[in-house]
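Trainee:
Residue numbers (the numbering used here): 114 to 268.
1. Excluding sequence positions up to five away, which residues of its chain have a Cβ less than 6 Å from the Cβ of residue 147?
2. Tell me whether the beta-carbon of residue 267 lies closer than 9 Å to the beta-carbon of residue 228.
3. For residue 134, does the count of other Cβ atoms within 10 angstroms reach 16, so buried, or fall short, so exposed?
4. Considering only their Cβ atoms, is the gap separating residue 254 from residue 207 smaller than 9 Å?
5. Helix, strand or coil, according to DSSP, for residue 86 in the structure here?
6. Assuming residue 217 and residue 258 form a contact by the criterion Cβ under 8 Å, report the distance between their Cβ atoms to the nearest whole angstrom.
7. Mind checking which residues open and close the alpha helix (DSSP H) that includes residue 257?
8. Would you mind reading off the limits of the alpha helix (DSSP H) that contains residue 240?
9. With a Cβ-Cβ cutoff of 9 Å, do residue 250 and residue 215 count as a contact?
10. Taking residue 165 as the reference, give the member of 176, 151 and 175 with the closest Cα.
11. Going by the beta-carbon positions, is the gap between residue 149 and residue 173 smaller than 9 Å?
12. At the level of alpha carbons, what is the spacing between residue 153 and residue 163?
13. Quick check: residue 220 and residue 231, are their CB atoms within less than 9 Å of each other?
14. Measure the alpha-carbon distance for residue 213 versus residue 252 and round it to whole angstroms.
15. Out of 176, 200 and 128, point me to the one whose CA is closest to residue 187's CA.
16. Between residue 263 and residue 239, how many whole angstroms is the CB-CB distance? I'm expecting something under 8 Å.
The structure is reproduced here in structure tokens:
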């Protein structure tokens, strides 16, 4: 079974948004592709290969969402509802390329099971826990939330 890469999926979505004349979607997808291209250039400059991996694209998308969430908060406080709504729409578009996000209730159970499986005893084991969760649930978990929940459960 052939799986379409994030890169191809985003390019196909850009083509569709151009045909649909969806300005916000087109602008957002172009921003994503430009960011990926910038990272590809940095990657080649460091002689690590031609393109960044899907995992790195996933991280890039998550960072873009974090930035927009901060902007939403700032625009909300400033009373700029128009800009806030645009950022929220961009978040929706970017999130559409991420794997299904794990909800907070599920996340706590996953963390507790992982703590048991990995035999995590204290906060010193936080790195091991986070590393394992990143590997097992790529792009599905907010690592800040993981760290907060793990700190509550590790002494």
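Heads up, the beta-carbon is just placed ideally off N, CA and C, and yes, glycines get one too.
Mentor: Reading it off the structure:
1. none
2. yes
3. exposed
4. no
5. The first residue shown for the chain is 114 and the last is 268, placing residue 86 beyond what the model contains.
6. 7 Å
7. 256-266
8. 239-249
9. yes
10. 151
11. yes
12. 7 Å
13. no
14. 8 Å
15. 200
16. 6 Å
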